[in-house]
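Its first residue numbered 7, the sequence shown is counted upward by one per residue in the working numbering.
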Amino acid sequence: MTKDAQKIILFTIPDFRGGGAERVFLNLINNLNRDKFVIHIAVGELQGEYCKYLSNDITIHKLGSTHSIESVIPMIKLVRNIKPNVVFATLGYVVTISISSLFFSKKIKIVSRFGNTISSFLDDVKRNSKIKYAFQFVLNKLSVHLSDVVIVQSNHMKNDLIDTFSLDYIDKIIKINNPVDIENLYKNIKVIDLPTCIKFFFNQKKYIFVSVGRLDFQKNYKDLIQAFSIAHLSNRDIGLVILGEGGYRSDLERLSYQLGVNESVLIAGFIDNPEIVVSRANCFVSSSLYEGMSNAILEALSLGIPVIATDCPSGIGEVIINRRSGFLVDLDQNLIEGLSDEMLAISTGEREIDLQEIKEMTRKSFDIKSVSKKYEEIFR
Numbered sequence: 007m008t009k010d011a012q013k014i015i016l017f018t019i020p021d022f023r024g025g026g027a028e029r030v031f032l033n034l035i036n037n038l039n040r041d042k043f044v045i046h047i048a049v050g051e052l053q054g055e056y057c058k059y060l061s062n063d064i065t066i067h068k069l070g071s072t073h074s075i076e077s078v079i080p081m082i083k084l085v086r087n088i089k090p091n092v093v094f095a096t097l098g099y100v101v102t103i104s105i106s107s108l109f110f111s112k113k114i115k116i117v118s119r120f121g122n123t124i125s126s127f128l129d130d131v132k133r134n135s136k137i138k139y140a141f142q143f144v145l146n147k148l149s150v151h152l153s154d155v156v157i158v159q160s161n162h163m164k165n166d167l168i169d170t171f172s173l174d175y176i177d178k179i180i181k182i183n184n185p186v187d188i189e190n191l192y193k194n195i196k197v198i199d200l201p202t203c204i205k206f207f208f209n210q211k212k213y214i215f216v217s218v219g220r221l222d223f224q225k226n227y228k229d230l231i232q233a234f235s236i237a238h239l240s241n242r243d244i245g246l247v248i249l250g251e252g253g254y255r256s257d258l259e260r261l262s263y264q265l266g267v268n269e270s271v272l273i274a275g276f277i278d279n280p281e282i283v284v285s286r287a288n289c290f291v292s293s294s295l296y297e298g299m300s301n302a303i304l305e306a307l308s309l310g311i312p313v314i315a316t317d318c319p320s321g322i323g324e325v326i327i328n329r330r331s332g333f334l335v336d337l338d339q340n341l342i343e344g345l346s347d348e349m350l351a352i353s354t355g356e357r358e359i360d361l362q363e364i365k366e367m368t369r370k371s372f373d374i375k376s377v378s379k380k381y382e383e384i385f386r
């Protein structure tokens, strides 16, 4: 395809700090067909752990702010300058693009990707501020209205978006699975060794649980550590590794000391390639209160690692068939007890699943090659 026939896509994101949405964004951009597309990125601040993984052929534009409203004017100027065919927004920049698009050419296709179950996200905002809730409700509904295509990662997310905003224009809402770069995962686990502190921890325990995510309210690690402490009373050979950073770290470390499991719980912080830890663990655990589609869970399944997860508002129930490809814990019941029971059962051999079936299912539905083709169809 000639350069004149290539489409220009402007991807937008606040920054590249280590999170699941940023990892999805990176996987997608690096795997798009360069014969068909010229890639630009508008980033609020060029910071974060994933910056170094961007392909060299990408043109990067720094807007100077990760704040969605402050980025509107710089975004408008940038779009008028590079004249993209498609603008793709995710995370906080979904709002930025929706407002900015009022000043774009009508020929530009606006594609917005929602990363979380919207009703649960709004409830989380409301928990802290009713004013911010009202603001976010209006802006996110406006974003759906002004986008040409809205991408979600599960049927649950799609139905929730429609119900929350009472939408009657549903054709623009398209489900596309999160991409997993399975080939790269297996490459990394062969050539990258465990960090020394994690390797030492693994050597002290016979059965390791691992969880990956930001240390915030949504991931609900407080309940996970409490559940682990109960299971630990019956099985002293288990350990828990949590990979991630966030504002809750000191509280979680304090909790593990209070519960007497500080020597069996390792909060290891963010690492570039969590798959090297996940692949060596015995079981992945997710205690989230809500999700979109957890990329950390998908990567664990791709590596053939069994998963225990809360059946939270998300697409998790569409991926994990309970007691076949993983184990779901009801969010509405006694969550701590439910997580503890499953952790104890699987660590003592009472739970078994077909790991090969898990890997084959994930490869078929979530591999980056097939998912990126679906995005390319949207962008054309």
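Where is the CB? At the ideal position from N, CA and C, for every residue including glycine.
Only buried fits LEU304, as 16 or more other CB atoms lie within 10 angstroms of its CB. Taking 8 Å as the cut-off, the beta carbon of ASN184 is found closer than this to the beta carbon of MET299.
Counting other Cβ atoms within 10 Å of its Cβ, CYS289 reaches 16 or more and is therefore classed as buried. In this structure LEU230 touches LEU345 by the C-beta definition: roughly 6 Å separates them, less than 8 Å.
For the 8 Å CB-CB criterion, LEU334 and ILE326 form a contact.
Around PHE215, the same chain offers LEU246, CYS289 and VAL291 as residues with beta carbons nearer than 6 Å, after the five sequence neighbours per side are excluded. The residues ILE214 and VAL216, in chain order, have a CB closer than 6 Å to that of ALA287 in the same chain once the five nearest residues on each side in sequence are set aside. Of the residues GLU363, SER371, ILE322 and ILE314, the one whose Cα lies closest to the Cα of SER353 is ILE314. Here DSSP, grouped into helix, strand and coil, assigns SER376 to helix.
For ALA315, the beta-bridge partners assigned by DSSP are SER292 and LEU334.
Distance from the CA atom of ASP199 to the CA atom of MET81, rounded to whole angstroms, is 41 Å. SER77 is positioned such that its CB atom lies no closer than 8 Å to that of ILE116. Around PHE276, the same chain offers GLY24, GLU55, LEU249, GLY250 and GLU251 as residues with beta carbons nearer than 8 Å, after the five sequence neighbours per side are excluded.
Within the DSSP bridge table, the entry for GLY275 names LEU249 as partners. Nearest neighbour of PHE208 by Cα position, chosen from VAL271, LEU167 and VAL155, turns out to be VAL271. Put simply, the backbone Cα of LEU32 is about 19 Å away from that of THR368.
Per DSSP, reduced to three states, the secondary structure at HIS73 is coil, with no helix or strand assignment. Three or more Cβ pairs closer than 8 Å define a contact, and the stretch 237-244 falls short of that threshold against the stretch 217-224. Boundaries of the beta strand (DSSP E) around VAL93: 92-96. Across the structure, GLY323 and MET163 are spaced so that their CA atoms are roughly 12 Å apart. As the crow flies, the alpha-carbon of ILE35 is around 14 Å from that of GLY26.
ASP187 counts as buried, since no fewer than 16 other beta carbons sit within 10 angstroms of its beta carbon. By the 16-neighbour rule on beta-carbons within 10 angstroms, ARG119 is buried.
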